[in-house]
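Novice: Last residue of the sequence shown: number 371 in numbering that gives the first Met the number 0, and the count goes up by one each step with no gaps.
Cβ coordinates follow ideal geometry from the N, Cα and C atoms, glycine included.
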Amino acid sequence: MKKIVYLMEYPIDLPGGAQMSTLSVCEGLARHPEYGYRPVVICPALIDHEGDDYPFEIREYPMGESRLKNLAIRIRAFDIIIREEKPDLIHIEMQESLITYGFIRKHFRDIPYVFTERGLMFGYRKRSRLFMDPVLRASAMMITTTEYNKTLWLKGSDIRPVCVISNTISEKYFGVYDPAKRRVLSDGDRPVIGLAGRICEEKDWPFACSFIEALSACGLDFKVSIVLSTFEKGDDEKVDIILERIAKAVGEEKLEHHLNFSQEQMSDFYYGVDIFLMTSCFESFGKAAVEAMSRKCAVVSTAVGGLPEVVGLKENLYTKEDMDKGIRAVKRLMEDREELARQQEYFYRRYLDNFTEDKYIDRHVRLYDEYS
Numbered sequence: 000m001k002k003i004v005y006l007m008e009y010p011i012d013l014p015g016g017a018q019m020s021t022l023s024v025c026e027g028l029a030r031h032p033e034y035g036y037r038p039v040v041i042c043p044a045l046i047d048h049e050g051d052d053y054p055f056e057i058r059e060y061p062m063g064e065s066r067l068k069n070l071a072i073r074i075r076a077f078d079i080i081i082r083e084e085k086p087d088l089i090h091i092e093m094q095e096s097l098i099t100y101g102f103i104r105k106h107f108r109d110i111p112y113v114f115t116e117r118g119l120m121f122g123y124r125k126r127s128r129l130f131m132d133p134v135l136r137a138s139a140m141m142i143t144t145t146e147y148n149k150t151l152w153l154k155g156s157d158i159r160p161v162c163v164i165s166n167t168i169s170e171k172y173f174g175v176y177d178p179a180k181r182r183v184l185s186d187g188d189r190p191v192i193g194l195a196g197r198i199c200e201e202k203d204w205p206f207a208c209s210f211i212e213a214l215s216a217c218g219l220d221f222k223v224s225i226v227l228s229t230f231e232k233g234d235d236e237k238v239d240i241i242l243e244r245i246a247k248a249v250g251e252e253k254l255e256h257h258l259n260f261s262q263e264q265m266s267d268f269y270y271g272v273d274i275f276l277m278t279s280c281f282e283s284f285g286k287a288a289v290e291a292m293s294r295k296c297a298v299v300s301t302a303v304g305g306l307p308e309v310v311g312l313k314e315n316l317y318t319k320e321d322m323d324k325g326i327r328a329v330k331r332l333m334e335d336r337e338e339l340a341r342q343q344e345y346f347y348r349r350y351l352d353n354f355t356e357d358k359y360i361d362r363h364v365r366l367y368d369e370y371s
């Protein structure tokens with residue numbers, strides 16, 4: 000059985016897209032020994048779990064108190080653990096880990112390595128690219144999560160080869176669809192618009208509030224269900240402002256709000272949403288859209304980053320400059336229940352055809368087979 004080492008600069012049990020995606024592929028390989036790969040994750044000390052909680056091996060290392068100290072710790076830890084593990088292939092999952100590996104890659108000339116690029120090419124600082132590009136040029140493959148980002152790298156750099164493996168969502172929490180939990184919209188019911196995400200500039204919550212205000216100004220009668228995640232100091236104050244604006248637009252009795260939901264809670268949240276609205280000004284992929292699709296929500300979204308590729312339905316994509324197109328898309332779904340039901344089925348099928356964990360793992364295995 001061949002061994003794959005995964006390099007990370009954050010604990011795999013810290014919530015985040017890279018961690019969840021790495022967890023998905025490692026659990027999948029562990030569940031399917033017939034693929035012939037044994038995953039080993041190298042990451043900082045786990046936060047809330049023990050290594051035995053996972054069906055694959057985890058090698059932990061400490062974290063320092065500064066970025067420079069962390070770099071030194073990672074260099075030493077990666078070097079020591081890779082020598083001990085003697086992998087057939089190295090999969091680098093995060094940017095800082097890529098830069099770190101650059102300092103020691105000459106020690107492991109005979110081991111091919113791949114890197115998953117989860118952002119967008121133009122999102123990196125020049126100084127970061129100065130360290131990243133030499134390591135990327137020597138990699139066996141750079142993986143992007145969208146064709147959009149692949150095109151950016153092919154047009155804007157000399158990094159080759161580049162392939163696409165679309166992201167996935169948690170099989171544990173989203174893999175099984177339960178029709179008994181799915182909200183069924185009756186004639187007298189108000190449609191529910193769902194919103195969810197972190198408090199950050201990329202999610203553009205002021206614009207989300209403006210969108211809801213504009214919808215309400217059209218005379219539409221609907222509810223809003225929103226989940227917000229806080230992380231930094233000052234986020235609670237921003238939450239209060241968002242909720243105040245939305246409550247003023249639709250009425251407090253039509254607003255349901257939640258804070259810092261777990262993945263299990265998010266899975267149930269989407270069942271109660273008819274139309275999931277994305278107002279982001281930046282998204283490299285858009286996992287929230289896929290989560291909503293897996294629960295038969297219709298999705299209306301800004302056309303930024305990888306979202307057009309994920310959503311697929313052009314009529315449901317709009318820009319911040321043309322918010323009226325998004326308003327018209329939501330209004331159409333609210334007023335035409337048959338169209339809403341048709342789109343809900345469309346998006347669920349799109350999830351099954353493109354973004355399930357099984358497809359995600361299969362695409363990785365085919366890549367590993369080529370280079371290990």
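List in chain order: all unbroken beta strand (DSSP E) runs of 3+ residues lying wholly within the stretch 39-115.
Specialist: Within the stretch 39-115, complete beta strand (DSSP E) segments of at least 3 residues are found at 56-60, 88-91, given in chain order.
Novice: In the DSSP assignment, find the alpha helix (DSSP H) that holds G325 and state where it starts and stops.
Specialist: 322-334
Novice: Tell me the start and end of each unbroken beta strand (DSSP E) in the stretch 259-283 that is at least 3 residues and wholly inside, in chain order.
Specialist: 274-277
Novice: Could you round the C-beta distance between R117 and T150 to whole angstroms and report it? I think they count as a contact, below 8 angstroms.
Specialist: At roughly 16 angstroms, the Cβ-Cβ gap does not stay under 8 angstroms, so R117 and T150 are not in contact.
Novice: Does H90 pass the burial test, meaning 16 or more other C-beta atoms within 10 Å, or should it be called exposed?
Specialist: buried
Novice: List the residues that DSSP assigns as beta-bridge partners of H257.
Specialist: V226
Novice: Identify whether S371 lies in helix, strand or coil by the three-state DSSP scheme.
Specialist: coil
Novice: Where does the unbroken beta strand (DSSP E) through G187 begin, and where does it stop?
Specialist: Looking at the DSSP string, G187 is not in any beta strand (DSSP E), and its letter there is neither H nor E.
Novice: Distance, Cα to Cα, V289 vs F354?
Specialist: 7 angstroms
Novice: Since R58 contacts I80 with CB under 8 angstroms, what's their CB separation in whole angstroms?
Specialist: 5 angstroms
Novice: Tell me, please, which residues DSSP counts as bridged to C162.
Specialist: I142, per the DSSP bridge assignment.
Novice: How long is the line joining the alpha carbons of A248 and Q343, rounded to whole angstroms?
Specialist: Annotation: A248 to Q343 spans about 26 angstroms, alpha carbon to alpha carbon.
Novice: Whole angstroms are fine: how far does the CA of F107 sit from the CA of D177?
Specialist: Distance from the CA of D177 to the CA of F107, rounded to the nearest whole angstrom, comes to 47 angstroms.
Novice: Let me confirm a value: N259 is counted as buried when at least 16 other C-beta atoms fall within 10 Å, else exposed. Which label applies?
Specialist: exposed
Novice: According to DSSP, simplified to helix, strand and coil, what is Y36?
Specialist: strand
Novice: Contact check, Y359 vs V40 under 8 angstroms by CB: the rounded distance?
Specialist: Wrong, their Cβ atoms sit about 17 angstroms apart, outside the cutoff.
Novice: Within its chain, find whatever has a CB closer than 6 angstroms to the CB of G63; leave out the 5 residues flanking it on each side and keep chain order.
Specialist: Answer for G63: N69, I72, listed in chain order.
Novice: Going along the chain, which residues of its own chain have a beta-carbon closer than 7 angstroms to the beta-carbon of D220, five neighbours each way excluded?
Specialist: R189
Novice: With which residues is A297 paired in a DSSP beta bridge?
Specialist: I274
Novice: Would you call the stretch 189-208 in contact with the stretch 266-277, where contact means no fewer than 3 C-beta pairs closer than 8 angstroms?
Specialist: yes
Novice: When the Cα atoms are used, what is the spatial distance from S300 to R362?
Specialist: 27 angstroms
Novice: What does the alpha-carbon distance come out to for the pair A207 and H257?
Specialist: 16 angstroms
Novice: Report yes if the CB atom of A297 is closer than 9 angstroms to the CB atom of F230, and no otherwise.
Specialist: no
Novice: With contact counted as at least three CB pairs below 8 angstroms, one residue from each stretch, are the stretch 318-332 and the stretch 197-216 in contact?
Specialist: With the rule of 3 Cβ pairs closer than 8 angstroms, the stretch 318-332 counts as touching the stretch 197-216.
Novice: Could you check how far apart the C-beta atoms of M120 and N148 are, in whole angstroms? I think they sit under 8 angstroms.
Specialist: 6 angstroms
Novice: Please report the distance separating the alpha-carbon of H31 from that of E56.
Specialist: 15 angstroms
Novice: Tell me which residues share the same chain as R182 and place their Cβ nearer than 8 angstroms to its Cβ, disregarding the 5 neighbours each side in the sequence.
Specialist: V191, Y270, G271, V272, D273
Novice: Give me, in chain order, the residues of the same chain whose beta-carbon lies closer than 7 angstroms to that of D203; leave out the 5 immediate sequence neighbours on both sides.
Specialist: T278, S279, C280
Novice: Taking only three categories from DSSP, how would you classify A195?
Specialist: strand
Novice: May I ask you to report which of helix, strand or coil DSSP gives K2?
Specialist: Note: K2 maps to strand in three-state DSSP.
Novice: Quick check on the burial criterion: 16 or more other C-beta atoms within 10 angstroms. Buried or exposed for A291?
Specialist: buried
Novice: Do L184 and R348 count as a contact pair if the criterion is CB distance below 9 angstroms?
Specialist: No, the pair does not count as a contact, with Cβ atoms beyond the cut-off.
Novice: Check for me: the alpha helix (DSSP H) holding Y172 runs from which residue to which?
Specialist: 170-173
Novice: Whose C-alpha, out of K154, L22, R66, D109, is nearest the C-alpha of K85?
Specialist: Checked all of K154, L22, R66, D109; the closest Cα to K85 is D109.
Novice: Hey, M0 and T21: beta-carbon distance below 9 angstroms or not?
Specialist: no
Novice: Reducing DSSP to helix, strand and coil, say where L316 ends up.
Specialist: Reduced to three states, the DSSP call for L316 is strand.
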